[in-house]
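Asker:
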Amino acid sequence: LTSLDIVQAPAKPVSAAPKAQSAGSLSHQGKVIIVTGAAGGIGRASALKLAAGGAKVTIVDFNEEAGQETLRLIKEQGGEGIFVQADVSKSEDVQRYMNQTLETYGKIDCLFNNAGIIQKFSLLQDIDEEHFDRIMNVNLKGVFIGMKYALKVMEKQGYGNIINTASTAGVRAEHSIAAYSASKHGVVGLTKGAALEYVKKGIRVNAICPGGVATGLTASVPQQLQESGYVPEEFPNMRMGRFAEPEELAEVVAFLASDASSYMTGSIILVDGGLSL
Ligand code: NAD
18 LTSLDIVQAP
28 AKPVSAAPKA
38 QSAGSLSHQG
48 KVIIVTGAAG
58 GIGRASALKL
68 AAGGAKVTIV
78 DFNEEAGQET
88 LRLIKEQGGE
98 GIFVQADVSK
108 SEDVQRYMNQ
118 TLETYGKIDC
128 LFNNAGIIQK
138 FSLLQDIDEE
148 HFDRIMNVNL
158 KGVFIGMKYA
168 LKVMEKQGYG
178 NIINTASTAG
188 VRAEHSIAAY
198 SASKHGVVGL
208 TKGAALEYVK
218 KGIRVNAICP
228 GGVATGLTAS
238 VPQQLQESGY
248 VPEEFPNMRM
258 GRFAEPEELA
268 EVVAFLASDA
278 SSYMTGSIIL
288 VDGGLSL
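Numbering (full-length UniProt numbering), first residue to last: 18 to 294.
#1: Is VAL204 closer than 9 Å to ASN181 when the C-beta atoms are compared?
#2: Can you tell me where the alpha helix (DSSP H) with LEU87 in it begins and where it stops?
#3: Taking the alpha-carbon positions, what's the PHE129 to TYR247 distance?
#4: Quick check on the burial criterion: 16 or more other C-beta atoms within 10 angstroms. Buried or exposed for ASN156?
#5: Nearest to GLY57 by CA position, among THR232, ILE285, TYR280, SER279, is which residue?
#6: Skipping 5 residues on each side, what residues in its chain have a beta carbon closer than 6 Å to that of GLY84?
#7: Could you tell me whether the segment 143-151 touches the segment 165-177, using the rule of 3 or more Cβ pairs below 8 Å?
#8: When burial is assigned at 16 or more other CB atoms within 10 Å of the CB, is LEU292 buried or exposed?
#9: For my contact list, ALA68 and GLY96 are in at a C-beta cut-off of 8 Å; report their separation, rounded to the angstrom.
#10: ALA267 to GLU244, Cα distance in whole Å?
#11: Starting from the C-beta of GLN117, find all residues in its chain whose C-beta is less than 6 Å away, skip the five residues before and the five after it, and write them out in chain order.
#12: For the ligand NAD, is there a heavy atom less than 8 Å away from the beta-carbon of PRO227?
#13: I need the DSSP call for ASP78, collapsed to helix, strand or coil.
#14: Could you check whether ASP289 and PRO227 sit closer than 9 Å to each other, using their CB atoms as the reference points?
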């Protein structure tokens, strides 16, 4: 086939293809968006940004006090939301935050599956099996359960949007965090699999891959690295000379959660200041 053949080939109708939504619109007005891990870091910054854009936000976190603080900050800026205390690795908790969102707002436009934990830095042979299980349960199974129940709702609605938080460690190796890296590679796999399965059902699924972000999660990393005896070459030498601010990730989340990204699905988006170059 030459490119001309391709241009001249009759367009095949695709049944049940999602309609182009008002492309170009960055608005979140009227959207109902669930943000997990919204008590801090990337989740809180995203919840605040989305609420400021007009979304009704369900804040999900197991940290009650900090989760309520996110809700207070949203209300302070004139936004709307609810807080649901939940452990994303527990199916009954996930179904509860999904149901509470539906009972309160009647639909789910977007799920930002963001809650996650970092691994204790060590060589693979020294990772405790219990610790491995916990990393997988929160970072991978938590994302899976969230997607599973959101997709049931979104399929019935005929539309939906899922954003998962992976990591640069989800697309390449990073030293001393093999379990975390495996969990994040798994998040990338779930994202691609669901994007493929639901592309004709009006549901988009994408993932972001942060590099280093200045949040609670990374606060302990320098000390952990020292203790682990391995300091990766890139760590003190972030390409931009600094970590990202959580708000810089929230900008990308806001774009993915909006109709401006209507042609994007299955995209694994690095937001890493060039870390993985
Ligand atoms: P953070 O620790 O500031 O926020 C994570 C939030 O998730 C916390 O509020 C925590 O209470 C919540 N949480 C953890 N386990 C939970 C559970 N089982 N149920 C409910 N809530 C739970 O960290 P962050 O940096 O904002 O991390 C957000 C996401 O970004 C994580 O998935 C993390 O792996 C990913 N990430 C972070 C970085 C970084 O450099 N900070 C880099 C790559 C990826």
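All C-beta atoms in this analysis are idealised placements derived from N, C-alpha and C, irrespective of residue type, glycine included.
Answerer: The relevant details are as follows:
#1: Translated into the one-based positions of the sequence shown, residue 181 becomes position 164. Translated into the one-based positions of the sequence shown, residue 204 becomes position 187. Going by C-beta atoms, ASN181 is nearer than 9 Å to VAL204.
#2: For the purposes of this step, residue 87 is taken as the residue at position 70 of the sequence shown. For the record, residue 87 in the displayed sequence is Thr; it is not Leu. THR87: member of the alpha helix (DSSP H) spanning 81-93, first to last residue.
#3: For this step, residue 129 is matched to residue 112 along the sequence shown. For this step, residue 247 is matched to residue 230 along the sequence shown. Approximately 33 Å between the Cα atoms of the pair.
#4: In the sequence shown, counting from the first residue as 1, residue 156 sits at position 139. ASN156 comes out buried.
#5: Indexing the sequence shown from 1 puts residue 57 at position 40. Measuring from the Cα of GLY57, the nearest candidate turns out to be THR232.
#6: Here residue 84 refers to the residue found at position 67 of the sequence shown. Within the same chain, Cβ atoms closer than 6 Å to the Cβ of GLY84 are found at ALA56, ILE76, ASP78, PHE100, the five residues on either side in sequence being excluded.
#7: no
#8: The count along the sequence shown starts at 1 and reaches residue 292 at position 275. Flag for LEU292 reads buried.
#9: For the purposes of this step, residue 68 is taken as the residue at position 51 of the sequence shown. For the purposes of this step, residue 96 is taken as the residue at position 79 of the sequence shown. About 3 Å separates the two Cβ atoms, so the contact holds.
#10: Reading the sequence shown from its first residue, position 250 is the one you call residue 267. Reading the sequence shown from its first residue, position 227 is the one you call residue 244. Answer to the nearest angstrom: the Cα atoms are 31 Å apart.
#11: In the sequence shown, residue 117 corresponds to position 100, counting from 1. Result list for GLN117: VAL101, in chain order.
#12: As a first step, residue 227 must be located in the sequence shown, where it is residue number 210. Yes, since a heavy atom of the ligand NAD falls inside the 8 Å radius drawn around the Cβ of PRO227.
#13: For the purposes of this step, residue 78 is taken as the residue at position 61 of the sequence shown. Of the three classes helix, strand and coil, the one that applies to ASP78 here is strand, per DSSP.
#14: Position 210 of the sequence shown, counting from 1, holds the residue named residue 227. Position 272 of the sequence shown, counting from 1, holds the residue named residue 289. Cβ distance < 9 Å, so PRO227 and ASP289 count as in contact.
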